[in-house]
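Protein chains in written order, with this note's numbering: chain A, 3 to 152; chain B, 3 to 152.
2 protein chains.
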Amino acid sequence: MRLTIYTDYSLRVLIYLTTLSENERTNIKDIANAYGISKNHLMKVILQLGKLGLIETTRGRNGGLRLAVKPSDINIGSVVRQTEDDFNIVECFSKEQNKCSISPVCSLKGVLHQALMAYLDVLDQYTLADLTTNGSLLKELLQDKDPTLL
Amino acid sequence: MRLTIYTDYSLRVLIYLTTLSENERTNIKDIANAYGISKNHLMKVILQLGKLGLIETTRGRNGGLRLAVKPSDINIGSVVRQTEDDFNIVECFSKEQNKCSISPVCSLKGVLHQALMAYLDVLDQYTLADLTTNGSLLKELLQDKDPTLL
């Protein structure tokens with residue numbers, strides 16, 4: 003029942019970007035350092051968040067990363083639906099991989115699908131703004147690295 | 003967002019056992035053959051279902067496996083809670099593994115926990131009996147192996 007590390011890091015990047023001041027930009031290295039995670043893992047995440055139109059990347063001296071959309075317009079359910087690449091809760095969710103002999107008459111798939119929808123429905127109720135109401139504390143933890151808070 | 007193969011197989015074993023006639027017993031080989039899955043994978047599953055008091059195993063010539071509890075008394079949410087060994091949706095769900103720097107002030111964990119509870123709440127609404135209302139068809143697919151149904 004884990005989300006992929008890819009979805010986890012996507013959400014962390016978005017949370018990080020909410021702590022930037024207006025017009026401020028950041029880079030992969032700073033985000034990786036703030037969370038103590040690998041830059042390589044973040045490269046793919048950043049690329050995908052850019053493709054989804056959630057972040058804006060600018061090259062050059064004053065370039066960098068920032069949110070392309072207001073936090074209140076970024077729905078968490080929508081982010082997870084787009085970044086999580088495996089919603090095949092059990093084998094029969096995948097047409098290609100399914101070999102379960104009872105699939106034609108089994109009710110389990112429907113029940114698990116209903117459960118998955120309930121899970122995503124909860125995430126649909128939240129935006130990135132809802133997750134970052136502690137903005138100043140998040141900023142301290144991510145950017146200022148005040149040792150008393152770490 | 004996958005359940006482990008262990009939970010998947012646990013549910014399949016329970017479904018299989020509902021297709022037995024009263025006093026009939028089966029064995030790991032027949033279950034493995036019916037689903038086309040490995041006997042070795044099933045060994046651990048059977049052991050755990052026995053420990054949970056859901057199945058009864060008897061040794062000897064007329065021995066074998068059968069349900070120890072009525073299907074209507076086996077709650078699917080309860081089975082999944084007990085067989086799924088990793089509900090750590092993201093890193094911060096595990097006290098031991100968590101290294102995320104924003105944990106003390108991050109709201110994401112609470113939101114994901116709420117989503118997980120919604121997922122399990124759906125499963126709590128179903129028993130094994132609800133999943134096996136197509137009993138005769140399940141039996142044909144699992145035991146009789148009628149080629150027109152496979």
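We treat Cβ as the ideally placed atom computed from N, Cα and C, and that holds for glycine.
Here the structure is a predicted model, which means the values were calculated and not measured.
For a contact defined as C-beta to C-beta under 8 Å, what are the partners of residue i on chain A?
i     : result
B/R83 : Within chain A, no residue comes near B/R83; the closest Cβ sits about 11 Å away, beyond 8 Å.
B/E86 : M3
Should residue i and residue j be called a contact, given that it needs their Cβ atoms to be closer than 7 Å?
i      : j      : result
A/L44  : A/A36  : no
B/L143 : A/S109 : no
B/I57  : B/T129 : no
B/A117 : A/Y8   : no
A/E86  : A/L13  : no
A/K101 : B/G79  : no
A/L140 : B/V124 : no
State the Cα-Cα distance for the pair residue i and residue j, rounded to the nearest angstrom.
i      : j      : result
B/T60  : B/L67  : 7 Å
B/K41  : A/Q99  : 19 Å
A/K97  : A/G62  : 45 Å
B/M119 : B/D88  : 14 Å
B/N136 : A/M3   : 28 Å
A/S138 : B/Q84  : 40 Å
A/D32  : B/D10  : 41 Å
A/I30  : A/S103 : 47 Å
A/K53  : A/V82  : 15 Å
A/L152 : B/Q145 : Confidence at A/L152 is low in this model, with a pLDDT of 42, below 50, so the placement of that residue should be treated as unreliable; the coordinate-derived value is given next. Cα to Cα, A/L152 sits roughly 59 Å from B/Q145.
Within the same chain, show all residues whose beta-carbon is closer than 7 Å to that of residue i, passing over the 5 residues directly before and after it, in chain order.
i      : result
B/L114 : I91, V92
A/T150 : In this prediction, A/T150 scores a pLDDT of 49, lower than 50, which makes its location untrustworthy; the coordinate-derived value is nonetheless stated afterwards. None.
B/L22  : T28, R68
B/N25  : none
In chain B, which residues lie less than 7 Å from residue i when you measure between Cβ atoms?
i      : result
A/V107 : N136, L139, L140, L143
A/L56  : Under the 7 Å cutoff, chain B gives no residues; its nearest Cβ is about 16 Å from A/L56.
A/D10  : V92, E93
A/L13  : L110
Give me, in chain order, the residues of the same chain whose beta-carbon lies closer than 8 Å to that of residue i; leave out the 5 immediate sequence neighbours on both sides.
i      : result
B/K111 : V92, C94, F95, S105
A/V71  : G55, L56
B/Q64  : Going by the sequence as given, residue 64 of chain B is Asn instead of Gln. If we look at B/N64 and ignore the five residues flanking it on each side, its Cβ neighbours are R27.
B/D126 : N77, I78, G79, S80
For a contact defined as C-beta to C-beta under 7 Å, what are the partners of residue i on chain A?
i     : result
B/N90 : R4
B/Y37 : C102, S103
Tell me which residues share the same chain as residue i and place their Cβ nearer than 6 Å to its Cβ, disregarding the 5 neighbours each side in the sequence.
i      : result
A/A131 : P73, S74
Can you pull the chain B neighbours of residue i, defined as C-beta to C-beta under 9 Å?
i      : result
A/A131 : In chain order: nothing, as chain B lies at least about 10 Å away.
A/V113 : I78, V124, L125, Q127, Y128, D132, L133
Residue i versus chain B: which residues are under 8 Å apart at the beta carbon?
i      : result
A/I17  : I104, C108, L110
A/L118 : M3, Y121
- Task: Would you check if there are 3 or more beta carbon pairs closer than 8 Å linking the segment 8-23 of chain B to the segment 47-65 of chain A?
- Result: no
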